[in-house]
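Let me begin by presenting the structure, written as C-alpha cells, before commenting on it.
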Amino acid sequence: MASRKIRASEPLFLQAPVGRRYVRSFVFARRIDAPLAQVHPLARALFIFCLSAAQLRSIATAQSDLLGAVLFWLLALALFLGSGISARIARLYFLLTLPTLFSLFMTWTVLNTVPGVVLFRLPVYAGQLTFGLSLWLGLWLLIVVGYFLWKRQVLAGVLLASLLTLVLTHFWSSPAWIFARVPFFHALTITLTDRGLWLAITKVIGYAGMVLCTISLMISGRDAELIGALRQLHFPQPVIFFLSTVFRAFNLALADYETIRQAQLVRAINARPRSFVRHLRDLAAIAVPMVAMMIRRSSEIGDALLARGFQLGQPNNDFYETMPWRGIDWAVLAVSILLLFFALGTHPTLTTLLQRIV
Amino acid sequence: MEKIAALAVDNLWWRYPTFSDEVGAWTLRDVSLNIEQGECFGITGPSGAGKTTLCRSLLGILPYTARLTAAQLPHHFRGAITLLGQPVTHKTATSHQIGMVLQDPENQFLRMSVLHELAFGLQIQGLPNAEIVQRAHEALTWVGLDHLWPGAAYLHPSDLSGGQKQRVAIAAFLALRPQVLILDEPTSDLDPVGKREVIETIARLRRDYRMTVVLVEQDPEILAAFCDRIALLHEGRIKLVASPREFYAQRPLLEQAGAAASELVRISWETEQVYQGRPPLTLAEGEIAFASVRMNDRVVSSPPFKGSASENFKASSLRNNAGELVVQAEQVMYHYEDGSPALKGIDFQLYRGEMLALLGPNGSGKTTFAKILTGLFRASGGQMQILGQDLAQRKVRRRLASSVGYVFQNPDHQLFCRSVADEIEYGLKNLDVPAVQRRETIKNVLEAVGLSKQASEDPVFLSKGERQRLAVAAILAMGPEILVVDEPTTGQDYRSISNIMSLLCELQRRGKTILIITHDMTLVAEYCQRVVSFRNGLVAFNGTPAELFSDADLLAQTGLRAPVCATLANQFRALQPSLPPLLTVSQWVDALVCQPQPQTRIL
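From first to last, the protein sequence lines are chains A and B.
Read in numbering that gives the first Met the number 0, the first sequence has 142 at position 143, and its numbers run on one by one without any break.
Read in numbering that gives the first Met the number 0, the second sequence has 602 at position 603, and its numbers run on one by one without any break.
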C-alpha cells in the first residue's frame with residue numbers, strides 16, 4: 000500500500016516519485032516516509048482513540064491529573080511530529096489553535112469557580128440592570144458612527160468605542176442620570192482559585208493533546224488507506240465506494256471554491272475595506288457558481304461511473320489498497336490497550352502517585 | 000451474411016424532461032446512423048447541436064437514468080439503438096463493451112491517485128492484479144505519460160495539469176479496451192502536440208484491437224486525419240454523413256451549420272483551388288493543390304500581408320520600439336506548497352496596446368504566471384512591475400483588479416449574480432463606482448459584447464459562448480488596461496471562437512493590452528502580434544508568430560506545433576526560400592488569388 004516503508008524491491012508505482020517528498024492526504028499533505036504512516040490505519044485510529052480517551056480521563060473535573068495530561072500531551076506531540084506534517088502547515092495549525100486554547104483557559108479560569116485558596120476576585124455584575132443616561136454613552140455612539148463613516152466598518156467601531164469607553168470611565172467618572180434599577184439574575188463575581196487555575200492548566204494541556212492527535216490522524220491518512228481498511232473490515236462495497244466518491248467530490252468542491260474565490264478577487268472584492276455584512280454577502284455569492292458547478296459535476300460523475308461499468312452490489316477486488324497487519328501494528332495495539340486501561344481502569348492518577356512517592 | 004454494425008441508431012428522438020408542465024424542445028430529431036465495426040466515426044457540429052446527448056444515448060445513459068415512467072417514455076424517447084446487434088438497455092453502460100471519455104477530465108477522475116484511477120474499471124471487471132498493473136502501465140505509456148508510472152500510487156489528481164488529467168482519463172478507458180469507445184471532445188484541454196499524440200494513440204489501438212471509435216470533435220484537422228466518416232449534427236438532426244473528402248466539399252451546408260473547416264479547406268473554398276476536385280485535407284494534398292503559389296512573382300517579391308495579424312504586428316512593433324512597457328517581469332519564480340518549482344526565473348515584457356499569446360505545453364507554468372500577473376498568486380522570487388507599480392506590495396495587489404482583468408477559462412466559475420446586468424455591476428460596486436456611472440457603464444459594456452437584449456436574464460440560461468462573453472464583459476466594465484484571457488476558445492465551436500476573438504480585437508483597437516493563454520495556434524497566427532512561449536517554467540521563446548512558426552528547431556525547442564498554413568508555407572519555402580512565411584488563411588488566399596490567372600488544378 001501507499002504508506003508502507005519504501006523499499007527498492009517494491010514495484011515502481013508504489014515507490015515515491017523521484018524528487019517528491021510529500022503526498023496529499025485527507026487534509027493538506029504529509030511526508031511520504033512519515034513514521035506514523037508506516038502504521039496500519041486501523042492501529043493508528045485505535046491508538047489515537049485510546050490516547051484521546053486517556054487524555055479525557057486525565058482532565059476530568061472531579062479528579063484532574065496534570066502529570067498524566069502532560070505525559071499524554073508529549074505522546075500526542077510525538078505523534079504530531081511523526082505525522083509528516085509540513086512546517087508551514089504546522090505553524091498554521093499552531094496559530095489557529097492558540098486562540099482557541101487561550102479562550103478555553105480563560106473560560107475555565109473565570110467562569111468555573113472551583114473551591115480553593117482565592118487568588119483573585121472581581122465583581123462584574125451587581126445583580127440588577129441599571130437604566131439611565133451617561134455622557135460616555137454619547138461618546139460611545141459618536142465613536143461608532145465616526146468610525147463607520149471613516150472605515151465603513153461597524154464591528155471594529157463597536158469594539159474600539161467599547162474599549163475606549165471602558166478605559167476612560169476607569170479614570171474619569173462621567174455625569175450619569177439613573178432612571179431605574181431592576182433586579183435581574185444574581186450578582187456575578189470572577190473568582191480565581193489555586194485549584195481552579197490548576198484545573199484550567201490541566202484542561203488546556205489535555206485538549207491541546209487531543210487537537211494534536213486529531214490533526215495527526217487527518218494529516219497522516221489517505222483515502223486509499225481508509226478504503227483499504229474498510230475493505231479489510233468487510234464493509235459493504237456500496238458504502239466503501241460511496242465514501243471514496245465523497246472524498247473525491249469534496250476535493251473537487253475545494254478546487255472549485257478556490258477558483259471561484261480567485262474569480263471574486265479579480266472582481267475587486269478586496270479592493271477596499273469591507274464590512275462584516277459585505278464579507279458575508281461575498282461568501283453567499285460564492286454559492287451561485289458553486290451550486291451550478293456541483294449540479295453539473297454530479298451529473299457527469301454519474302455518467303463517468305456508468306461508463307466505467309460501475310454498478311451497486313458488484314464485487315470490487317482489492318488493488319494495492321490494503322496494508323498487511325505487521326509486528327509494529329501489534330505493538331501499537333498493545334500500547335493502545337495500556338492507554339485504554341489509563342482511560343477506564345480503576346487506578347490512582349499519575350499526579351497522585353507522584354505525590355505519594357514524593 | 001449481413002455484417003453486424005457496431006452501433007446502429009434508427010429514427011432516434013429525445014427530449015429532456017422539464018420541471019414545469021411545458022414540454023421541452025426535441026434535443027435529437029430523427030437521428031439515424033450506422034457505425035461499422037472497427038470504424039472511426041466522427042461527429043461534429045456547433046455547441047448545443049445535441050452531440051453529447053447523442054453520446055449519452057449510445058451508451059444507454061439516456062433514457063434509462065432519466066427516471067421516466069412507462070407512460071412518459073414515448074413522450075421523450077422514440078426510436079431504437081443497437082450495440083453490436085443487441086438493443087441498448089439500462090445494462091449496456093455497465094456491460095464493458097462500450098466506454099465513454101467525457102470532455103471535462105475532472106469529472107471522470109473518480110479516485111484519489113493515478114494508479115487507482117487507471118485500475119478502477121479493471122477492478123470492477125474483476126481482473127487479477129497482475130493484469131491490472133500491466134494494462135494500466137501500458138495505457139499510461141500509450142498516452143505519453145509513462146514518466147508518471149513511478150510513484151503513480153502517490154499522484155493525486157490535483158498534482159496533475161489539466162492536460163495530464165485528460166490523458167489519464169483517456170488511459171483509464173484504453174486500459175479497459177472496450178469494443179466501442181466514445182470520445183466526447185477528449186482533447187480540448189490538450190496542447191497541440193499532446194492532442195495529436197493522444198488521437199494517434201487511439202487510432203493505433205483502433206487498428207490493433209479493431210476497436211470502434213466514435214469521436215465527437217470540433218477540430219476539423221483531427222476529424223479529417225483520423226475519421227473514416229464524419230456526421231454533421233445541427234439542431235438535433237443529422238445533416239450529413241460522409242467521408243472526410245466528401246464532407247469538406249459541402250461548403251454551404253457546413254457554413255450554414257457553423258461547423259469548423261480546416262485551414263487547407265478554407266483556403267480551397269476561398270481560392271477554388273482544389274485537389275482531385277475537392278478541397279485538400281492533408282499537407283501533401285495541399286502542396287499539390289496550392290503549388291501555384293510558387294509561380295507567383297508578386298508573392299515571392301512582396302508578401303501580401305493585407306489585413307493580417309502580421310500587418311498589425313508591423314504597426315505594433317513600430318509602436319513597441321518606442322512603446323510603453325505595461326508589464327515588466329524579471330527573474331520571476333514560483334514554488335508550489337510542496338516546494339516543487341513552477342516558474343524558474345521568467346523574464347517577460349508586455350507593451351501597451353499589443354495582443355500577446357502566452358504559449359507552452361500543458362504544465363509549463365502559463366496559468367501560474369498569469370495569476371501572479373493578476374495578483375492572485377505572490378511570486379516566490381524576482382520582481383514584477385505593472386504600470387510602474389511593484390507587485391511585491393500588498394496594497395498594489397489589492398487594487399490590481401481595476402488595472403488588470405483576468406478572464407478564467409470556465410465562465411461558470413466567475414458568474415455570481417442572477418441577472419446579466421447585476422453581473423456587470425458586481426465588480427463596479429466593489430470599486431465603489433457611483434450608481435449613475437454604473438448604469439452608464441453597464442449599458443455600454445453590454446452593447447459592446449452584444450448582450451443588451453439579455454440584460455435581465457439569468458446567466459444560467461445563456462449559451463456557453465454568451466456566458467464567455469459575459470465573463471469578459473464583467474471584467475471589461477471595471478476598466479482594466481490589461482486583459483488576461485485564459486483559454487478563451489477551449490471547447491467552443493467555430494462561431495463562438497470567431498465572436499470572442501472579434502470582441503478581443505475590438506478591445507485591442509480601443510487601446511486595451513491583451514494577453515491570451517491558448518493552445519490554438521491558428522488563433523495565434525491570425526490575431527497575435529507577439530508570442531512568448533514557456534517550457535518547464537522557463538521562457539523558451541519570445542518573438543513573432545512568423546519567427547516561431549517558420550523555424551522547425553524553435554518549434555521543437557518550445558514543444559509547439561505550427562498551424563497547417565505555416566507548415567505548408569515552410570514546405571514550399573524549403574524549395575523556394577524567397578517565399579514569405581504565410582501563416583494564415585487570409586495570407587494564403589491573398590497569395591493565391593493575386594496571380595495573373597488563378598487556375599484550378601484537378602489531378
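Positions of the beta carbon are idealized from the N, C-alpha and C atoms, including for glycine.
Please read all numbers here as calculations on a predicted model, not as lab measurements.
Practice prompt. Less than 8 Å between the CB atoms is what I'm expecting for residue 429/B and residue 266/A, so what's the real figure, rounded?
Written response: Residue mapping note: residue 429/B aligns to position 430 of the second sequence, counting from 1. Residue mapping note: residue 266/A aligns to position 267 of the first sequence, counting from 1. The Cβ separation is near 6 Å, so the contact holds.
Discussion item. Taking its Cβ as the centre, do 16 or more other Cβ atoms sit within 10 Å of residue 631/B, making it buried, or is it exposed?
Written reply: Because chain B is modelled from 0 through 602, residue 631/B falls outside the range shown and cannot be assessed.
Worksheet item: Which residue comes first and which comes last in the alpha helix (DSSP H) that contains residue 329/B?
Response: Counting from 1 along the second sequence, the entry for residue 329/B is found at position 330. No alpha helix (DSSP H) contains residue 329/B, which is instead part of the beta strand (DSSP E) from 324-334.
Worksheet item: Which residue or residues does DSSP assign as beta-bridge partners of residue 171/A?
Response: Residue numbering aside, residue 171/A sits at position 172 when the first sequence is read from its first letter. Paired residues: none, contrary to the question.
Worksheet item: Is there a Cβ from chain A that is less than 8 Å from the Cβ of residue 460/B?
Response: Here residue 460/B corresponds to residue number 461 of the second sequence, with the count starting at 1. Chain A contact via Cβ: absent.
Practice prompt. Could you tell me the boundaries of the alpha helix (DSSP H) in which residue 43/A lies?
Written response: Numbered from 1 along the first sequence, position 44 holds the residue referred to as residue 43/A. Counting along the chain, the alpha helix (DSSP H) containing residue 43/A begins and ends at 40-57.
Worksheet item: Considering only residues of the same chain and omitting the five flanking positions on each side of residue 264/B, which have a CB-CB separation below 6 Å?
Response: By 1-based counting over the second sequence, the position of residue 264/B is 265. If we look at residue 264/B and ignore the five residues flanking it on each side, its Cβ neighbours are 247, 278.
Item to complete: Measure the C-alpha to C-alpha separation of residue 97/B and residue 179/B and round it to an integer number of angstroms.
Response: For the purposes of this step, residue 97/B is identified with residue 98 of the second sequence, where counting begins at 1. For the purposes of this step, residue 179/B is identified with residue 180 of the second sequence, where counting begins at 1. Taking the straight line from one Cα to the other gives about 5 Å.
Worksheet item: Mind checking residue 606/B: buried by the 16 CB within 10 Å criterion, or exposed?
Response: Residue 606/B is absent from the structure shown; chain B starts at 0 and stops at 602.
Fill in: C-alpha gap between residue 300/B and residue 545/B, whole angstroms
Along the second sequence, one-based indexing puts residue 300/B at 301. Along the second sequence, one-based indexing puts residue 545/B at 546. Low local confidence applies: a pLDDT of 47 at residue 300/B is under 50, so the model's placement there is unreliable, and no value is given.
Practice prompt. Closer than 8 Å, Cβ to Cβ, to anything on chain B: give me those residues from the segment 273-295 of chain A, in chain order.
Written response: 284, 285, 287, 288, 291, 292, 295
Worksheet entry | Contact list for the segment 235-246 of chain A against chain B, Cβ threshold 8 Å | 243, 244, 246
Practice prompt. Would you please verify whether the beta carbon of residue 319/A is less than 8 Å from any beta carbon of chain B?
Written response: Translated into the one-based positions of the first sequence, residue 319/A becomes position 320. Yes, residue 319/A lies at the interface with chain B (some Cβ there is under 8 Å from its Cβ).
Worksheet item: Nearest-angstrom Cα distance between residue 447/B and residue 483/B?
Response: Along the second sequence, read from residue 1 onward, the residue named residue 447/B stands at position 448. Along the second sequence, read from residue 1 onward, the residue named residue 483/B stands at position 484. Those two C-alpha atoms are separated by around 18 Å.
Worksheet item: Can you tell me the Cα-Cα spacing of residue 72/A and residue 245/A, whole angstroms?
Response: In the first sequence, residue 72/A corresponds to position 73, counting from 1. In the first sequence, residue 245/A corresponds to position 246, counting from 1. Using only the alpha carbons, I get a separation of about 32 Å.
Practice prompt. Over the uninterrupted beta strand (DSSP E) stretch that includes residue 603/B, give me the two end residues.
Written response: With chain B covering only 0 through 602, there is no way to say anything about residue 603/B.
Discussion item. Going by the DSSP bridge assignment, what does residue 45/B pair with across the sheet?
Written reply: Working through the second sequence from its first residue, we reach residue 45/B at position 46. Answer is none; residue 45/B lacks a bridge partner.
Worksheet item: Leaving out the 5 sequence neighbours to the left and right, which residues in its chain are closer than 7 Å to residue 588/B when beta-carbon positions are compared?
Response: Position 589 of the second sequence, counted from the start, is the residue given in the question as residue 588/B. So the qualifying residues of the chain are 266, 269, 270.
Worksheet item: From 280/B, 512/B, 81/B, pick the residue whose C-alpha is nearest to that of residue 224/B; which is it?
Response: Numbered from 1 along the second sequence, position 225 holds the residue referred to as residue 224/B. The shortest C-alpha separation from residue 224/B is found at 280/B.
Worksheet item: What is the DSSP secondary structure of residue 122/A, counted as helix, strand or coil?
Response: Here residue 122/A corresponds to residue number 123 of the first sequence, with the count starting at 1. Note: residue 122/A maps to strand in three-state DSSP.
Worksheet item: Below 8 Å between beta carbons: does that hold for residue 224/A and residue 40/A?
Response: As a working note, residue 224/A is residue 225 in the first sequence. As a working note, residue 40/A is residue 41 in the first sequence. In contact: residue 224/A and residue 40/A (Cβ atoms closer than 8 Å).
Worksheet item: Which residues of chain A have a Cβ atom closer than 9 Å to the Cβ of residue 473/B, listed in chain order?
Response: Counting from 1 along the second sequence, the entry for residue 473/B is found at position 474. The contacting residues are 266.
Item to complete: Tell whether a beta-carbon distance below 8 Å holds between residue 25/B and residue 235/B.
Response: On the second sequence, residue 25/B is found 26 positions in, with the first residue counted as 1. On the second sequence, residue 235/B is found 236 positions in, with the first residue counted as 1. Cβ atoms of residue 25/B and residue 235/B: closer than 8 Å.
Item to complete: Look at the Cβ atom of residue 321/A, then the Cβ atom of residue 230/A, and state whether they are nearer than 8 Å.
Response: Your numbering for residue 321/A matches position 322 in the first sequence. Your numbering for residue 230/A matches position 231 in the first sequence. Yes, these two residues count as a Cβ contact at 8 Å.
Worksheet item: Can we say the segment 135-154 of chain B touches the segment 10-17 of chain A, given the rule of at least three CB pairs closer than 8 Å?
Response: Put simply, the segment 135-154 of chain B touches the segment 10-17 of chain A. At least three CB pairs are less than 8 Å apart.
Worksheet item: Who pairs with residue 8/B in a beta bridge, going by DSSP?
Response: To locate residue 8/B, count along the second sequence from 1; it is residue 9. The secondary-structure analysis by DSSP pairs residue 8/B across a beta bridge with 32/B, 80/B.
Fill in: Start-to-end residues for the beta strand (DSSP E) that takes in residue 230/B
By 1-based counting over the second sequence, the position of residue 230/B is 231. For residue 230/B, the uninterrupted beta strand (DSSP E) segment begins and ends at 228-233.
Worksheet entry | Opening and closing residue of the alpha helix (DSSP H) in which residue 559/B lies | Numbered from 1 along the second sequence, position 560 holds the residue referred to as residue 559/B. Element bounds for residue 559/B: n/a, residue is neither H nor E.
Worksheet item: Between the segment 331-338 of chain A and the segment 3-14 of chain B, do three or more beta carbon pairs fall short of 8 Å?
Response: For the pair of segments examined, the segment 331-338 of chain A was found not to touch the segment 3-14 of chain B: the number of CB pairs separated by less than 8 Å stays below three.
Worksheet item: residue 236/A: beta carbon under 7 Å from a heavy atom of the ligand PLP?
Response: In the structure on display, the ligand PLP does not appear, and there are no ligands present to speak of.
Discussion item. Beta carbons nearer than 9 Å to chain B: which residues of the segment 301-318 of chain A have them?
Written reply: 301, 302, 303, 304, 305, 306, 307, 308, 309, 310, 313, 314, 315, 316, 317, 318
Item to complete: Taking residue 27/B and residue 52/B to be in contact with their CB atoms under 8 Å, please state how far apart those CB atoms are, rounded to whole angstroms.
Response: Translated into positions along the second sequence, residue 27/B becomes position 28. Translated into positions along the second sequence, residue 52/B becomes position 53. Indeed they touch by this definition, with Cβ atoms about 6 Å apart.
Practice prompt. Kindly indicate which three-state DSSP category residue 253/B falls into: helix, strand or coil?
Written response: As a first step, residue 253/B must be located in the second sequence, where it is residue number 254. If DSSP states are grouped into helix, strand and coil, residue 253/B belongs with the helices.
Fill in: Own chain partners of residue 502/B with C-beta closer than 7 Å, once the 5 adjacent residues on each side are dropped
Residue mapping note: residue 502/B aligns to position 503 of the second sequence, counting from 1. Counting only Cβ-Cβ distances below 7 Å, and skipping sequence neighbours, we find 448, 468, 471.
Worksheet item: Which residue's Cα is closest to the Cα of residue 568/B: 582/B, 557/B, 330/B?
Response: Reading the second sequence from its first residue, position 569 is the one you call residue 568/B. Residue 582/B is the option with its Cα nearest to residue 568/B.
Fill in: DSSP state of residue 145/B mapped onto helix, strand, coil
The residue you call residue 145/B lines up with position 146 of the second sequence. Here residue 145/B sits in helix by DSSP.
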